[in-house]
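All remarks here apply to the structure that follows.
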Amino acid sequence: MRLSRLGFTCWLAALTLITALGVAAYAGVPFRDPDTATGPTYVRLPVILLAALFIDVVPRIIHRSRGRCDVSGTAGEVIRERLAWPNMQFTLIGLVAWYTTYASIRNLKGFVPFVNHHVYDVTLERLDRAFMLGHDPAALLHQLLGTGIAAQLLSFFYIAWIVLLPFSLAVALVWHRKTFVRSWWVTAVAVDWVLGVAANFALPTVGPIYADPHAFSNLVTTPTSKLQDSMWAERMTVLANPDAAGVVQNIAAFPSLHVAIAATACFVAQWAGLHKLLRVGLWIFLGITSIATVYFGWHYVSDVVAGLLIGVASAWIGAIATGHKPNGGVPELRSGARALQAG
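Straight run, no breaks: the sequence shown in our numbering ends on number 387.
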């Protein structure tokens, strides 16, 4: 039952890998490990898994050992409980499926300029101004929030997303006891990626920061602005010589996957009935992310709207794919509270 909940995720992983390899052959661009800067995958994945297991097991041993003399016995008890083969099998398969999908999608995103040579930034910029009654939404945010302290704060939250996503997946695959929540989240994120990259190919854009850099020149230097500079340099390197670049270009603005995945987290937490503080925190984080992504020029307002729609759809599809039937448009979580206990 545990592994059956990951069936759709494994299917997506295989499909995206085959598609990425096929597009790579068609475009004449190499398929690469998207994160070689942090070490090869065969080293990085075991390190991520071991770190998550360590953080999961050690605090439990310390907590249960209070007032007990037999620390080794307690440690053995916790290890047998948390590292039981069904749990480990679920974790390993989920991790491999997740990373296969991630690496394939990152490569597919990088292939966009080699497959679809059109760029629709002018169209989306006009649409943004229509939304905002003739105003530039990023300029309005700069005037409203300022370009100094606000930039630093929003940059913190934007970069935090990059750290929180793999952390949340580690929590889902290793820590969380409820299998249905674990599989639902991992599957929903995979769906986000697939829907997002399909939109990347359908409507290629580079985003406001690259289409009109001058509009963001008044912002102070932040980790986000440095990331934007490095990503553009990587894109130019890849477009100039994809075989020798050694990196994967990662610029394809429509839709905002930051917003999509943050929205998915909100709806999964909401529909699964997770703790209220977590749900409120996720909704706040979604709001800040949506503002930050326009403020820094990563995305147009239409990218944010599309991201929200993809986020909701992915949470819903993830629920259906992991065995939850829709009930009035909302996934029915198998008799509510009993599902939380039985998952």
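We put the beta carbon where it would ideally sit given N, CA and C, even for glycine.
Everything numeric in this text was worked out from a predicted model, so none of it was measured.
Taking its Cβ as the centre, do 16 or more other Cβ atoms sit within 10 Å of residue i, making it buried, or is it exposed?
i           : result
residue 265 : exposed
residue 358 : buried
residue 65  : exposed
residue 286 : buried
residue 233 : buried
residue 380 : Unreliable placement is indicated for residue 380, whose pLDDT of 43 sits below 50; the coordinate value is still reported in the next sentence. Counting Cβ neighbours within 10 Å, residue 380 comes out exposed, since fewer than 16 surround it.
residue 170 : exposed
residue 153 : buried
residue 303 : buried
residue 355 : buried
residue 328 : exposed
residue 258 : exposed
residue 343 : buried
residue 62  : exposed
residue 261 : exposed
residue 187 : exposed
residue 103 : exposed
residue 321 : exposed
residue 70  : exposed
residue 195 : buried
residue 87  : exposed
residue 273 : exposed
residue 177 : exposed
residue 128 : exposed
residue 363 : buried
Please go through the same chain and pick out, in chain order, the residues whose beta-carbon is closer than 7 angstroms to the beta-carbon of residue i, but skip the five residues on each side of it.
i           : result
residue 250 : 163, 165, 295 and 297
residue 123 : 101
residue 76  : 151 and 292
residue 214 : 92 and 96
residue 98  : none
residue 289 : 281 and 282
residue 67  : 152, 155 and 159
residue 209 : 305
residue 218 : 96, 97, 100 and 135
Going along the chain, which residues of its own chain have a beta-carbon closer than 6 angstroms to the beta-carbon of residue i, five neighbours each way excluded?
i           : result
residue 316 : 225
residue 386 : With a pLDDT of 38 at residue 386, under the threshold of 50, the modelled position of that residue is not reliable, and no figure is offered here.
residue 340 : 268
residue 227 : 49, 50 and 366
residue 191 : 262 and 263
residue 202 : 268 and 336
residue 94  : none
residue 255 : 165
Mind reading off the beta-carbon distance from residue i to residue j? Whole number of angstroms is fine, and I expect it under 8 angstroms.
i           : j           : result
residue 248 : residue 157 : 7 angstroms
residue 245 : residue 151 : That belief does not hold up - the Cβ atoms of residue 245 and residue 151 are roughly 13 angstroms apart, past 8 angstroms.
residue 108 : residue 118 : 5 angstroms
residue 242 : residue 230 : At roughly 19 angstroms, the Cβ-Cβ gap does not stay under 8 angstroms, so residue 242 and residue 230 are not in contact.
residue 338 : residue 168 : Contact flag wrong, Cβ pair sits at about 12 angstroms.
residue 306 : residue 333 : 5 angstroms
residue 313 : residue 330 : Actually they do not touch by this definition, with Cβ atoms about 11 angstroms apart.
residue 252 : residue 174 : Contact flag wrong, Cβ pair sits at about 15 angstroms.
residue 345 : residue 180 : No, residue 345 and residue 180 are not in contact; Cβ-Cβ is about 10 angstroms, not under 8 angstroms.
Could you pull out every residue in the same chain whose Cβ sits closer than 8 angstroms to the Cβ of residue i, ignoring the five residues on either side in sequence?
i           : result
residue 54  : 137 and 141
residue 57  : 140, 141, 142, 144, 145, 148 and 234
residue 237 : 60, 145, 146, 149 and 301
residue 121 : 108
residue 311 : 355, 356, 359 and 360
Just checking residue i against the ligand GDP - is the residue's beta carbon closer than 6 angstroms to any of the ligand's heavy atoms?
i           : result
residue 308 : In the structure shown, the ligand GDP is absent, as is every other ligand, since no ligand is present at all.
For the stretch 295-364, which segments carrying the alpha helix (DSSP H) assignment without a break, of at least 4 residues, lie completely within its bounds, in sequence order?
Those alpha helix (DSSP H) runs which fall completely within the stretch 295-364 and span 4+ residues are 301-316 and 320-339.
Curious, which full-length beta strand (DSSP E) runs of at least 3 residues does the stretch 117-141 contain?
Complete beta strand (DSSP E) runs here, min 3: none at all.
Please give me, in chain order, every unbroken run of the alpha helix (DSSP H) with length at least 4 that falls completely inside the stretch 130-201.
Taking only runs of at least 4 residues, the alpha helix (DSSP H) segments lying wholly in the stretch 130-201 are 165-175 and 181-189.
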